[in-house]
Each structure stands twice: as structure tokens, then as C-alpha cells.
Amino acid sequence: MKLPARVGLVGCGIISTRYIEVSRELPEFDIKACADAVPSAAKAQAEKFGLQALSPEDLYGAPDIDMVLNLTPPPAHFSVGKAALEAGKAVYSEKPLAATFAEGKELMALANKKNLRIGCAPDTFLGAGYQSARLYLDEGIVGAPVAATAFMMSRGHEYWHANPAFFYKPGGGPMLDMGVYYLTALVHLLGPVTRVTGTARATWSERTVYSEPRKGEVIEVEVPTYVAGLLDFECGAIGTIITTFDTQASALPRIELYGETGTLNLPDPNTFGGPLQVRTHADRSWKDLPLRFGHAGNSRGIGPADMVVSTVEDGLHRANGEVALHVLEIMESIHVASETGSHVELSTHCERPRLLPEGVYAGVRPD
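Everything in the sequence shown is counted per my numbering, starting at 66 for the first residue and increasing by one.
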């Protein structure tokens with residue numbers, strides 16, 4: 066693979082527009098082609114952005130495509146990722162890695178067998194907010210980590226999404242849809258988790274849609290919509306996470322990290338910027354911390370950019386498959402713990418992703 070890498074995307078929904086736009090600001094890769102199960106969707110994006118519209122099969126086999134960007138809905142992540150890997154392409158997928166842990170393991174095994182890379186969103190932890198938070202944490206601003214809390218308290222997608230039914234089907238739910246951002250941020254900060262427990266339920270068996278164009282339709286709920294988990298981190302810290310589609314409002318912080326000598330109040334992990342605050346025992350008031358990295362705006366695409374650079378330099382990319390598989394196991398295991406009334410020991414492990422070089426620059430490295 067050479068810079069800039071030649072990328073073909075599969076899945077021409079709303080998120081594809083942002084990836085295409087950001088890719089044109091990054092020097093590491095160019096999106097050359099697009100495909101979708103609905104050919105008209107691929108044609109529309111191709112015409113809008115000057116891309117080549119292909120069928121998924123033709124895109125996988127294209128000799129001038131180095132990497133496949135998998136932006137399909139989560140139930141298709143496995144089949145699309147597998148097809149691309151079997152065709153000899155590296156894959157970067159939208160979150161989660163797969164709809165189930167078993168599918169995720171199979172993808173990783175196939176990638177390892179073929180000596181191909183897998184990357185996976187979210188890449189928000191590569192933004193200015195969480196890169197800065199990690200650097201401050203590593204510098205000891207709050208001392209050794211003791212615990213962390215993470216809250217994703219929201220009302221359901223039926224209030225705003227054009228097609229909300231998927232979020233209440235297998236592969237959806239608040240933990241897989243949104244918890245992945247929070248857990249990836251926590252693993253980036255604290256490292257891997259060794260054991261989890263939790264409780265979960267579907268608060269209502271049906272949801273009425275209030276958004277157009279499906280206003281008035283009734284959705285059957287097939288997954289838990291209030292999920293609470295406890296996490297034992299390898300570093301010794303304890304984590305608490307709640308994700309739900311069942312609350313109308315909340316004033317809780319997104320993520321807080323508690324150290325021996327202070328607390329970090331962290332930004333929404335579904336964003337790339339701040340604010341970032343600290344309060345310590347030496348200074349009993351909240352202080353804003355300056356961001357020390359770039360990519361504070363909506364920068365979806367820095368994950369695949371880093372994957373390309375790391376491939377060229379033969380290093381491990383940061384939004385890598387090992388992290389994604391570990392987070393997927395955490396999410397699934399919280400549900401298993403609720404169903405079985407037990408703690409679940411995790412079978413996967415990952416390293417804390419490396420920090421990006423400090424500073425503000427166009428891509429994912431200063432040069």
C-alpha cells in the first residue's frame with residue numbers, strides 16, 4: 066500500500082457523505098469508488114462527488130482499490146467485511162466490528178490468516194478531546210486512575226430518526242449503537258477490561274414513531290433499551306456505564322475519570338473536541354484544560370488515515386481490530402451477565418492505542 070491509499074466505500078448512506086468530505090482534507094487516502102446494495106444510492110453519491118459507482122462484488126475485486134471502507138448497517142458488517150477480506154482487501158468498518166462477538170472473532174481470524182488489516186470505528190478517540198485527555202492522564206494530572214463513569218442517557222431514535230426500527234432489533238440497542246463510543250474511549254484511557262457484570266431490560270415492548278416519514282408506525286422492541294454495566298479494568302480501576310433510549314432528559318456528565326488526586330470531566334465521546342476539565346485536591350475548582358492535538362471538529366476518517374500510515378510504516382494502527390473486538394466482547398458480555406446473573410470473564414485483550422504525535426496538523430502525523 067502506498068500513500069495516498071486508494072479506497073472504495075460500501076454503503077452510501079448519510080455517514081458516507083461525511084467520510085468522503087473529510088477524506089478530501091486528509092493526505093493519507095483518496096476515496097475513488099463507491100458501492101451499495103441499492104445501486105441508485107451508489108450512483109447518487111458517485112455523481113455528487115465524482116466517484117466511480119460499482120457493484121459491491123466489482124469493488125471488492127477492483128485491482129486499483131487498496132482498502133474497503135465498510136459503511137453498511139451493522140447487520141451487514143460481517144458479510145461485507147468477510148467478502149472484502151476474501152478478495153484480499155484491507156477493511157476499515159463503521160462501528161461495531163460485527164453484530165455479534167462470534168462474527169467479530171471470525172473476521173479477525175480471517176484477517177490474520179490472510180495477513181490483512183482490520184480497522185474499526187469509532188475514531189473519535191483520535192480527536193483533540195480524548196487524545197488530550199489521555200496525555201494529561203499519562204502525565205499524572207489526577208494521579209493513578211481509581212474509577213470511571215460513563216452515561217449515555219437519551220430518548221429513542223423514534224423521536225428524530227427517519228428509519229428508527231433497526232435500533233430496536235438484534236445488532237441495535239443503546240449499548241451497541243452508542244455504548245461503543247464510551248467503551249472505546251475508556252479502553253483508550255484505561256486499557257483493557259478483564260471482567261464485567263450488568264443488568265438490562267426492554268422498558269417497553271413497543272415504541273411509537275414520532276418522526277417523519279414513518280410517524281405513527283409502531284416498532285416491536287427486540288433488544289434491551291436500558292443497559293447498566295460494571296467493568297473491572299486490568300489496571301485496577303472500576304468502571305460504570307449506563308446506556309439507554311428510555312430517558313427524556315439528563316444532566317449527568319458524559320464521562321468522568323476519577324484519580325487519586327483529582328477528577329477529569331471528559332467530553333462527549335461521539336465528538337472529536339472538548340471541553341475538557343480538571344479538578345484536583347490542590348485546586349478545589351474546575352479548570353478548563355487546553356486541547357493539545359488537532360482534529361477538534363467532525364473528523365470521521367482519521368481512523369482509516371492512521372490505518373494507512375501505520376500500514377506503510379509497519380506499525381499497529383490505533384483504531385484497530387483488536388480494540389474493536391475487545392469492545393464488542395465487553396458489550397455482548399454485559400448483556401450475557403444480565404441474562405445469567407453472573408460476572409463474565411473476558412477472553413480478549415488489547416493494548417491501549419498509542420497516542421498520536423502532539424500538535425495540530427492536517428493528517429495523522431506532522432509531516
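Using N, Cα and C, we set each Cβ at its ideal position, and we do this for glycine too. Just so we're clear, the structure is a prediction, and the values are computed from it rather than from any experiment.
The three-state reading of DSSP puts E397 in helix, counting H, G and I together. Just measuring C-alpha positions, the residue of A265, K97, A102 and D203 sitting nearest A111 is K97. Contact annotation: S105 and L356 have beta-carbon atoms that are not nearer than 7 Å.
By the 16-neighbour rule on beta-carbons within 10 angstroms, I79 is exposed. As computed with DSSP, Y323 is found in a beta bridge with A212 and T328. Rounded to the nearest angstrom, the gap between the Cα atoms of L322 and S407 is 26 Å.
Here A427 really is in contact with P92; their C-beta atoms are around 6 Å apart, less than 8 Å.
If you compare the alpha carbons of T264, P187, T345 and G339 with that of G327, the shortest gap goes to T345.
The stretch 279-287 and the stretch 411-425 do not touch, with fewer than three beta-carbon pairs separated by less than 8 Å. In the DSSP annotation of this structure, the continuous segment of the beta strand (DSSP E) that includes N135 starts and ends at M132 to N135. Pairwise C-beta distances place the stretch 254-270 in contact with the stretch 289-305, as three or more of them are shorter than 8 Å. Cβ neighbours of T308 within its own chain (closer than 6 Å, five residues either side excluded): M217, P239, M240, M243, G244 and V292. Looking at the DSSP output, R357 shares a beta bridge with no other residue. About 6 Å separates the CB atoms of P369 and G184; that is less than 8 Å, so the two are in contact.
Annotation: the continuous beta strand (DSSP E) that includes E271 extends over E271 to T273. Assignment of alpha helix (DSSP H) within the stretch 150-207, counting only whole runs of 4 or more residues, yields 166-179 and 193-203 in chain order.
Shown here, D123 sits in a helix according to DSSP, grouped into three states. Between the stretch 145-161 and the stretch 386-405 there are three or more C-beta pairs closer than 8 Å, enough to call the two in contact. Taking the CA atoms as reference points, A152 sits about 51 Å from K352.
Only exposed fits V425, as fewer than 16 other CB atoms lie within 10 angstroms of its CB.
Taking the CA atoms as reference points, E287 sits about 9 Å from G237. In its chain, beyond the 5 residues on either side, G73, A98, C99, A100, A107 and A127 have a beta carbon closer than 8 Å to the beta carbon of L119.
Of the residues T214, S398 and N335, the one whose Cα lies closest to the Cα of D188 is N335.
DSSP places Q313 in the coil class of the three-state scheme, outside both helix and strand. Assigned with DSSP and collapsed to three states, S350 falls in strand.
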